[in-house]
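Positions 1 to 140 (my numbering) are the ones given, in order, by the sequence shown.
Read the structure below first, then the notes.
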Amino acid sequence: MKRANLNEDEVTRIIIMSTMTMQDTGALADLIAQRSASGGLDLGCHYYICGDGEVLRPVACEQRGDFIPRYGRTSIVIVLEGGLDEESKPTKYYSTDQLVALQTIVRHMGSLYPMAQPTFYRELFRGINPVIEHEDYLNA
């Protein structure tokens with residue numbers, strides 16, 4: 001099934017979140033399995049940034065994503081792999097390559113969708129996925 005296109009004037013957010021997993025521990029495979037089990041065709045996000053900085057593009061940036069269905073028509077979603085340390089405790093550690101990739105993507109999306117502002121998952125859903133914050137992104 002083909003995804004609907006985003007309307008440039010409706011895109012107001014570039015949502016940034018983490019997987020809340022350890023880096024490089026099969027987070028991507030787990031997310032794909034979860035999405036498949038719930039009927040998803042793909043990851044549903046526009047960008048997935050692996051722990052080593054590799055960038056995957058599951059959904060084209062001109063199409064609506066469904067990673068967070070409530071915001072599908074008004075946002076671009078970027079997911080960073082990580083967010084938990086080896087003891088499964090929340091951590092703000094992301095590799096330099098991840099943060100550089102994140103900044104590059106946000107700048108590019110800002111040029112495509114000038115009304116869109118970086119929005120961190122915690123700002124939308126208080127207390128959930130609190131790992132990445134504005135200062136982490138800005139200080140990379």
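C-beta: ideal position from N, C-alpha, C; glycine also.
For residue i, collect the residues of the same chain with a Cβ closer than 8 Å to its Cβ; drop the 5 residues on either side in sequence, then sort them by chain order.
i     : result
Ala-4 : Gln-63, Arg-64 and Arg-73
Starting from residue i, trace the beta strand (DSSP E) in both directions and tell me its first and last residue.
i       : result
Gln-117 : 117 to 120
Met-17  : 13 to 18
Ile-156 : Outside the modelled stretch of the chain, which goes from 1 to 140, sits residue 156, for which no answer is possible.
Ile-49  : 47 to 49
To the nearest whole angstrom, what separates the beta carbons of residue i and residue j, a pair I think is in contact under 8 Å?
i      : j       : result
Ile-49 : Gln-117 : Incorrect: roughly 19 Å between the Cβ atoms, too far for contact.
Ile-16 : Tyr-121 : 7 Å
Arg-35 : Leu-28  : The pair is not a contact, with the Cβ atoms about 11 Å apart (cut-off 8 Å).
By the DSSP assignment, the alpha helix (DSSP H) with residue i in it spans what residues?
i      : result
Val-77 : Premise fails: Val-77 lies in the beta strand (DSSP E), 75 to 80, not in any alpha helix (DSSP H).
Asp-30 : 27 to 37
Considering only residues of the same chain and omitting the five flanking positions on each side of residue i, which have a CB-CB separation below 6 Å?
i       : result
Gln-98  : Ile-49, Gly-53 and Leu-80
Ala-101 : Ile-49, Gly-53 and Val-55
Val-59  : His-46 and Gly-65
Asp-24  : Gly-51
Classify residue i as helix, strand or coil using the three-state DSSP reduction.
i      : result
Leu-56 : strand
Leu-6  : coil
Leu-43 : coil
Spatial neighbours of residue i within its chain, please: C-beta separation below 7 Å, excluding the five flanking residues on both sides.
i      : result
Glu-10 : Arg-73 and Thr-74
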